[in-house]
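Asks:
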Amino acid sequence: MSAIIRRYSTVVTKADLWADFSKRSASLGLKDAQLKEALLKGVAATDGPVSITDKAAKMRYASTPGMQPLFETAHTYLQQRAQRTYAAIERIERQISETTDAQVKANLLAQKNKMAVSAEQHNPEVKYTAEYLPENLDMSQAAFRHYAEQKWNNYGKMLLMERLETMSVIPDTMPTLNPEVDVTMEFPCSGASAVVPGAFLHSSTTMKPPTFTIQEFKETDNQLYTILIVNPDTPNVETNGFNTTLHWGLTNVLVSNTDIKVDFSKMCDAFGNNKHEICPYLPPVPEKNLPYQRFAVWVFRQEAAVAVKSARLNNPDFDIREFAQTHGLTAVGAHMWRSKWDRSVSAVREFYNLPKGRIFHPHRL
Amino acid sequence: MTGVNFQFTRGKRNKANRTRSPATERVLTQLKMISQRRKQPKLLQVCQEDHIRHETITTAFKLYRQEINANRAKLLLKQYESIKYAMEDLEQINSYLFHEANTNQKGKRFDLEMRIPTEYPPNQIWLHDYTPAEVAEKK
Amino acid sequence: MSLFAKVSSARVAMRSALLSTTLISTLRAALPATVIPVRTATKKAAGSRTSMRDSAGRRLGVKKQDGTLVKIGDIIVRQRGTRFFPGENCKIGRDHTIYAVEPGYVRIYLDPFHPKRRLIGVALEEHLLLPTPHFAPRVRRFGYAPIERAVDAQAEEARMLKQEALQLPEQLAAEAAKRAQDAARQSVLALQIVAFVELPAEEQTLAGARLLAIENQLRNGRAIADAQSITSFDYHFDIRHEARRAGIAPEETERLSQQYQEMASKVDAAVSFHSLTFDLIPHMSATDMEAAKAQLVEQLRACVKTKKALSKDIDAAVVFSAEERALLKRDYLSEGIAGSVKVFNKDTRKVEVIDAAKLGFVPTL
Amino acid sequence: MIVSRTPIITQEIPEFDQQYQTYQSELEKRLMWTFPKFFYFKKGTLAERAFRKLQRYPSAPQPGVYFPHGKPDIKFDRDRRLKQDIVLRVPDEVKVNEAGETITTSEVDDETIAAFVPNSRTTEADRTNDVLSLERKLSRTLYLLVKDQSNTKGWAFPAFPLASKQPLHINAEVGIKTLGGPNMKLWTVSNTPCQLLKFSQGQLAVESAENVTREFMIKAHILAGDFEAPGVTHAWLTKEEIKEKCDGAYFEQVAHLLAEN
C-alpha cells in the first residue's frame, strides 16, 4: 500500500474482510467459485472469462495488461475503508442500544443503513451481482437495496411519475406522490405479464383481480400496506361530471424486504376467500363512445393495522384523500392502467351480474 | 487542390499506371494524416468481470485521491489556525512586532539557488563551501 | 481664404437674422462666379408607394370580458401574438385567437407557475376561480349523454370500425381453434391423470381443466407453486360468481370449493410437468429436482457414453429448464471438427498443424 | 526557527499511483490512433528503410489458418485490436568493461550518442545514516533540530532570545547565523510566525499559565552552505525521525508545520 495511506490510516489492515462470511451474509459473495476466481484473481489467459460462454470468444479474449496488481491494491484499499466503516457501524450499534429517545434512535438507524451501504457497495462481488446477476439480489442487504433503488430511480420511478402526471392521476386522485417503493402489477388469471404504467388493458385481461409486488428500499420488518384501486372517470350524468369509484381495496397487507409478493397465496385462504379485502373486486367496465378511464393503484404505508368501516365505501363518489387521512395512510407508491370499451365488456358485466352498459353520444352545448 | 496536373499515360488510365504530381501526393498525404479512417483502433470491449474490475479500480483510486485531498485541506486549515493564534497573541503583547510581522513583503522573490526536485540528483548534490558575498568581500 | 471668411460670416448672418430672399440674393452676389452651390447629401422621402396602402382595422381585442358566460367555441380574444395565453378549458387558434372548449364563465388570471403570462380560462361554475389550486382535483365536465331510444342504442353498440369488422372473423376463428385445442388437451390430461392418482369419474374433467390451466401458466414462465395457487383462486372466484348469478346458496359454494381443494391437493401431490414437453410426470419436489440435477450433471461428467446417447439423456431428463439444457449440451456435446487444422501460434509467430478435436469447437477460419 | 532542506529529488511515487498510471497508459496506448508513418517517412527513402527495419510488424491473417487470439485486423501495419509498438531505436545494452566502468552498446558503436546513466537516488549519507549531512534522504524535507544544552527541552528547533527593536524574522535570521556560522544561504519564507509555543520553566505551558516564555516560529529554507556549530549537538531529520527524537507534547504542537514528504 502506498506511503500516504500508511501514514494516514491507523487501523490495522485485515486484507480478507470481504472473504470473511462469519459476520457478513453469504449472499454478499459470489456463489460461482470460478467466477469469483476470475473476478478477484483476474481472467486467466488459458481459460478466458467465465462470463463469456462461447469457447472461441473465450480464447480470443485478452485483458488489459497491468490490471491485476492494480486491482489487488485497489481491493485492499477498499477493504481497509470498509473495515473502518464496520468499526463505525459497531459504535453506532452500541449507541443505539444505549439510547432511549425514539428520534435519536431513528437518526442513528438511518446513519447505520447509510454506512452499511458504503461498507459493501464497492465490493466487486456485490457490484458484479448487482450489475449482472439481478436474480441473485438479496434484498435484506443494504448494498443490494441501494443498487436496486438506483436502477429503479433511473427508469421505473421516472416512468411512473411521467405517466401519473401526464394522465393527471395526480391531482385527480391524490394530490401528489413521492414514490418510495417500486410497485409492479400483473393480472395472472388472464396470463398477462407485468403491466407498464399507463398501458391500455383489454377488459378480458382485467376481468379478475391483479397481484402486486411492493419493493421497499429501506430496511423494513412487519410493515403493513393498504392498496386501493380507484377510477376517477366514472360518469355522473345527473351532475354532468365525474365520480371516483373504489374498484378494489386491500388493507393490512404484510410485505418485507425479501418477501415482496402480494399474490393470491398470500391474500387468500385455501378456498379463495380474501382476508384483506375491504370491498370485492369490481372490474373495469367502460361504456361505449366515452373517453378512456384511468385506474389508479395507490399503495399506502400503514402506521398500524387498520379496521375499515364498509359504510364509507358505499358512497358513489369515493374520496380517496379523506380515506387516506382518516386511516393515517401515507402514499408511497402507485401504478395505473387505462381501459376503454371493447366487445368483451358485456361478458365481464354478465360474469359479475352487472346491469347492461349504456351507449353514449357527445352532448354539445 | 491547386497544382494538380495529370501526366499523360499510354492506354487506359487505371490504378496501376496512375501517376500523380508530387504536389498532389503531398496534399493526399496530408489529408491522409488527419483522416481517422483506417487509423482508429477497434472498439475496446471488456468482459463482465473486467468491467467490474475496472470500476473497482477507478472507484478505489477516486476515493484514495479524495482522502489525500481531504487530509491536505485539513492540514492547511490547521496551519492557518496556528498562524492566527500566534498573530493574535503577538498583537496582545507587542504592537511593534505585530506590525512588522504583518507587513506585506512586496516584491519578495525566491532565491536563484532554489531548485525544483528532479528525478535524479545532480552531480554535486549540495554546495557545501558557500560563502556569502559580504563575508567574502571583507576577507 | 477670403472666400471662406465671407461664407462663414454669411452663415453667422443667417443664424442671427431672419432668412429673407434679399439676404440670399446678397449672398449670391457675394459669391464668386466659379463657386457652384451643391445640394447636400439628403434623400428624397421614399416609400410613398407602400405607405399609402393601409388595411382596415383587424377588429382585435377581448371579445368576452371576465365573468361573461360563454358557449363551446366562443371566441374570447382576438390578438396578434400571444398577449394572452390559453388557460383552463381554452385553446389557442392558428392566429392566436383564444376560444372556449367548455361552456362556462370567462376568467382572466395569472398563474404562479408562469409568472410572466396572462391567461384566459373558462370556469365551469360561476363561483369557481382560476387557476384551480395546484394539488386540487381538476373540475371537469362530462359532456356526454346516453342514447335514450333502445333501437338507436343497439344500432350504435353494434357499429364497428371497418378495421374491426375486417378482423373479426379471423379473430373468432382463432379463438374457436384455441378453445378446441384446449378442450382436446384437457381431455388428454383428464385421461392421463388417472394413471397417477385415483379420482372419481366426475372429478376427472375438473382435474383435467386444472392441469390445463397450470400447464398454460407454466408455459407463460410462471413457477409451479404460483401456477397452482393462481389456478385454485381462479376456480374459487369463478364458482362464487356463478353461484351469485344463479342464486345458489353460499353453503353449496363452500362445499364445492372444499371438494375442489381436496382434489387439487391430491393432484398436485401426485404429478409434476416435464419442463420441455410439458408431459405429466410423477411428482417431484424442488429439493428432489435439485438433487436429481446434481446427480445427472455428475453422471455427465463421468460419462463414457456416445454423444448421441448423452444428448438423448439430456432431452429425456425432466428436471432441466430450456437454458440449462442448452448449457449442458454446449458443455458436454459440442462437436469439434475431424482431422487437422492450421493454427497460428502467437508466440512463435508460426503456423502449426494440430488435431482439430483438441479445440473442442468449430473454428471460423 | 524551523530551517528545512527542501527535497532535491522527486518524491517516491506511491505504489497505487504507479500501478494506476501504468494501467491508464496501457489503455491509452490501446485506444491510440495508428502512427501515420507515411507522413513522417517518405516512401523509398533511407530513413523509411531504417525505420521499417526496426519495427516488428504483426502477422497478417492468412486464409485457411485459425487465429486463436483473434483474426488480425491490420491497417497501416498495425493490428487495430491491439496497441501499437513503435521502435525508434534499438535499446541500449548496458555492459561493464574490464575497468569496471559501465558502457553501453551505443557507446561502442557511436561515441557521440552516450547512454544516459543517472546518478543514484541514494547517497553515501543514506548508507551511513549521517544525520549531520544535508545529502541524506534526498526525496524528503529535512529539518534542523538542536539539542538543548540545559537539557530541559531535549531535541527542539533552534530558538533565540529577542533582541530589542528587531522584527521576529530578522531576529531569527541573525540568531541562526550566530549559532551556525555565516556560511549558510538561507531564505526566510515569511515574516509572519507560523506557530506560537508557550514555555513555563523550560516546559510546555498550559493555556492559562502565567509568566510564560513565548517562542514564535519562523520558517526558512537552507539553499546552500552548512550549519557549522562545533559546540552544538544538531541533526537534519525527517518528520518521522523528529517524532521519535522529540518530546511527544512538543511534536504534537509542531507536527502540522512539517511536510509529509
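Protein chains in written order, with the working numbering: chain A, 1488 to 1852; chain B, 2 to 140; chain C, 35 to 399; chain D, 103 to 363. Yeah, the Cβ is synthetic: ideal placement off N, Cα and C, and Gly gets one too.
Determine, for residue 339 of chain D, whether the minimum Cβ-Cβ distance to residues of chain A falls below 9 Å.
Replies: If you number the fourth sequence from 1, residue 339 of chain D lands on position 237. Closer than 9 Å: no.
Asks: With a CB to CB cut of under 7 Å and the five nearest residues on each side skipped, what residues in its chain are close to residue 114 of chain D?
Replies: Indexing the fourth sequence from 1 puts residue 114 of chain D at position 12. For residue 114 of chain D, where only same-chain residues beyond five positions count, the Cβ hits under 7 Å are 241.
Asks: Can you give, in chain order, each stretch of the beta strand (DSSP E) that sits fully within the stretch 84-160 of chain C and has at least 3 residues?
Replies: With a minimum length of 3 residues, the continuous beta strand (DSSP E) runs that stay inside the stretch 84-160 of chain C are 109-112, 124-126, 132-134, 138-145 and 148-157.
Asks: Applying a beta-carbon distance threshold of less than 7 Å, which residues of chain A neighbour residue 378 of chain C?
Replies: As a working note, residue 378 of chain C is residue 344 in the third sequence. By Cβ distance, chain A contributes nothing, its closest Cβ being about 12 Å from residue 378 of chain C, past 7 Å.
Asks: Does the structure place the stretch 1619-1636 of chain A close enough to the stretch 1771-1787 of chain A that three or more beta carbon pairs sit under 8 Å?
Replies: Touching, no, given that fewer than three Cβ pairs across the two stretches are closer than 8 Å.
Asks: Can you name, in chain order, every residue of its own chain whose Cβ lies under 7 Å from the Cβ of residue 65 of chain C, other than the five neighbours on each side?
Replies: To locate residue 65 of chain C, count along the third sequence from 1; it is residue 31. At residue 65 of chain C, the pLDDT of 46 sits below 50, so the modelled position is not reliable; the number obtained from the coordinates is stated separately. Result list for residue 65 of chain C: empty, nothing under 7 Å.
Asks: Does the beta carbon of residue 117 of chain D sit closer than 9 Å to a beta carbon anywhere in chain A?
Replies: By 1-based counting over the fourth sequence, the position of residue 117 of chain D is 15. Yes, residue 117 of chain D lies at the interface with chain A (some Cβ there is under 9 Å from its Cβ).
Asks: With a threshold of 9 Å between beta-carbons, can residue 64 of chain B be considered close to chain A, or not?
Replies: As a first step, residue 64 of chain B must be located in the second sequence, where it is residue number 63. Yes, residue 64 of chain B counts as interfacial toward chain A.
Asks: The alpha helix (DSSP H) that contains residue 1826 of chain A, what's its start and end?
Replies: In the first sequence, the residue the question calls residue 1826 of chain A occupies position 339. No alpha helix (DSSP H) contains residue 1826 of chain A, which is instead part of the beta strand (DSSP E) from 1816-1826.
Asks: With 8 Å as the limit, tell me which residues of the stretch 264-279 of chain C have their beta carbon closer than that to any beta carbon of chain A; keep them in chain order.
Replies: Within the stretch 264-279 of chain C, the qualifying residues are 264, 266, 267, 268, 269, 270, 271, 274, 275, 278 and 279.
Asks: Using a Cβ distance threshold of 8 Å, determine whether the stretch 175-192 of chain D contacts the stretch 136-156 of chain D, with at least three qualifying pairs required.
Replies: Short answer: they touch.
Asks: Between which residues of its own chain and residue 248 of chain C is the CB-CB distance below 8 Å, once the five residues before and five after are set aside?
Replies: Position 214 of the third sequence, counted from the first residue, corresponds to residue 248 of chain C. Excluding sequence neighbours, residue 248 of chain C sits near 258, 261, 262, 265 and 307.
Asks: Exposed or buried, residue 332 of chain C, counting other C-beta atoms within 10 Å across all chains shown (16 or more means buried)?
Replies: Here residue 332 of chain C refers to the residue found at position 298 when the third sequence is read from its first residue. Burial call: exposed.
Asks: List, in chain order, every chain D residue whose beta-carbon is nearer than 7 Å to that of residue 19 of chain C.
Replies: Coverage of chain C is limited to positions 35 through 399, which leaves residue 19 of chain C absent and any answer about it impossible.
Asks: On a Cα-Cα basis, can you pick out the residue from C:186, C:110 and C:171 that is closest to residue 1808 of chain A?
Replies: For the purposes of this step, residue 1808 of chain A is identified with residue 321 of the first sequence, where counting begins at 1. Closest by alpha carbon: C:171.
Asks: Output needed in chain order: residues of the stretch 1607-1619 of chain A with a Cβ under 8 Å from some Cβ in chain B.
Replies: Cβ contacts with chain B come from 1609, 1611, 1614, 1615, 1618 and 1619.
Asks: Do residue 1529 of chain A and residue 1545 of chain A have their CB atoms nearer than 9 Å?
Replies: Start at 1 with the first residue of the first sequence, and residue 1529 of chain A comes out as number 42. Start at 1 with the first residue of the first sequence, and residue 1545 of chain A comes out as number 58. The answer is no: Cβ separation not under 9 Å.
Asks: Grouping DSSP H, G and I as helix and E and B as strand, with all else coil, what is residue 228 of chain C?
Replies: Reading the third sequence from its first residue, position 194 is the one you call residue 228 of chain C. Three-state DSSP puts residue 228 of chain C in coil, outside helix and strand.
Asks: Give the secondary structure of residue 1766 of chain A by DSSP, where H, G and I count as helix, E and B as strand, and everything else as coil.
Replies: Mapped onto the first sequence, residue 1766 of chain A falls at position 279. Reduced to three states, the DSSP call for residue 1766 of chain A is strand.
Asks: Does the beta-carbon of residue 1611 of chain A have 16 or more other beta-carbons within 10 angstroms, so that it is buried, or is it exposed?
Replies: For the purposes of this step, residue 1611 of chain A is taken as residue 124 along the first sequence, with counting starting at 1. That one is buried.
Asks: Go ahead and pull the three-state DSSP assignment for residue 1729 of chain A.
Replies: Sequence index remark: in the first sequence, residue 1729 of chain A carries index 242 (1-based). Strand, per DSSP.
Asks: Do you know how far the Cα of residue 58 of chain B is from the Cα of residue 145 of chain C?
Replies: The residue you call residue 145 of chain C lines up with position 111 of the third sequence. The residue you call residue 58 of chain B lines up with position 57 of the second sequence. Answer to the nearest angstrom: the Cα atoms are 51 Å apart.
Asks: Can you tell me whether residue 1716 of chain A is buried or exposed? The criterion is at least 16 other CB atoms within 10 Å of its CB, across all chains shown.
Replies: Along the first sequence, read from residue 1 onward, the residue named residue 1716 of chain A stands at position 229. That one is buried.
Asks: Look at residue 1560 of chain A and residue 61 of chain B and say whether their C-beta atoms are less than 9 Å apart.
Replies: Working through the first sequence from its first residue, we reach residue 1560 of chain A at position 73. Working through the second sequence from its first residue, we reach residue 61 of chain B at position 60. A contact, by the Cβ cut-off of 9 Å.
Asks: Residues of chain D with CB under 7 Å from residue 1777 of chain A, in chain order?
Replies: Position 290 of the first sequence, counting from 1, holds the residue named residue 1777 of chain A. Simply none; closest approach about 59 Å.
Asks: From the DSSP output, in three-state form, read off residue 1534 of chain A for me.
Replies: By 1-based counting over the first sequence, the position of residue 1534 of chain A is 47. Three-state result, residue 1534 of chain A: coil.
Asks: Considering only the alpha carbon of each residue, which of D:121, D:161, D:182 and D:171 lies closest to residue 41 of chain B?
Replies: As a first step, residue 41 of chain B is located in the second sequence; it is residue number 40 there, counting from the start. Answer by Cα proximity: D:182.
Asks: For residue 171 of chain D, return the contacting residues in chain A, with the cut-off set at a CB-CB distance below 8 Å.
Replies: Looking up residue 171 of chain D in the fourth sequence gives position 69. The contacting residues are 1546, 1547 and 1549.
Asks: At 7 Å on the CB atoms, spell out the chain D contacts of residue 1554 of chain A, in chain order.
Replies: As a position in the first sequence, residue 1554 of chain A is number 67, starting the count at 1. Near residue 1554 of chain A (Cβ distances below 7 Å), the residues of chain D are 125.
Asks: Pairing CB atoms from the stretch 203-215 of chain C with CB atoms from the stretch 1681-1689 of chain A, are three or more of them under 8 Å?
Replies: Not touching, per the Cβ criterion.
Asks: Taking DSSP as the reference, what is the three-state secondary structure of residue 306 of chain C?
Replies: Sequence index remark: in the third sequence, residue 306 of chain C carries index 272 (1-based). Of the three classes helix, strand and coil, the one that applies to residue 306 of chain C here is strand, per DSSP.
Asks: So, under 8 Å CB-CB, residue 1629 of chain A and residue 1603 of chain A are touching, yes? Tell me the CB distance rounded to an integer number of Å.
Replies: In the first sequence, the residue the question calls residue 1629 of chain A occupies position 142. In the first sequence, the residue the question calls residue 1603 of chain A occupies position 116. Indeed they touch by this definition, with Cβ atoms about 4 Å apart.
Asks: Out of curiosity, what's the CA-to-CA distance linking residue 363 of chain D and residue 82 of chain B?
Replies: Indexing the fourth sequence from 1 puts residue 363 of chain D at position 261. Indexing the second sequence from 1 puts residue 82 of chain B at position 81. About 22 Å.
Asks: Can you look up residue 1687 of chain A in the DSSP assignment and give me helix, strand or coil?
Replies: Indexing the first sequence from 1 puts residue 1687 of chain A at position 200. Residue 1687 of chain A falls in the strand class under three-state DSSP.
Asks: For residue 30 of chain B, does the three-state DSSP call read helix, strand or coil?
Replies: As a first step, residue 30 of chain B is located in the second sequence; it is residue number 29 there, counting from the start. Residue 30 of chain B: helix per DSSP, three-state reduction.
Asks: Using the rule of at least 16 other Cβ atoms within 10 Å of the residue's Cβ for burial, across every protein chain shown, is residue 282 of chain D buried or exposed?
Replies: Against the fourth sequence, residue 282 of chain D aligns to sequence position 180. It is buried - the Cβ of residue 282 of chain D has at least 16 other Cβ atoms within 10 Å.
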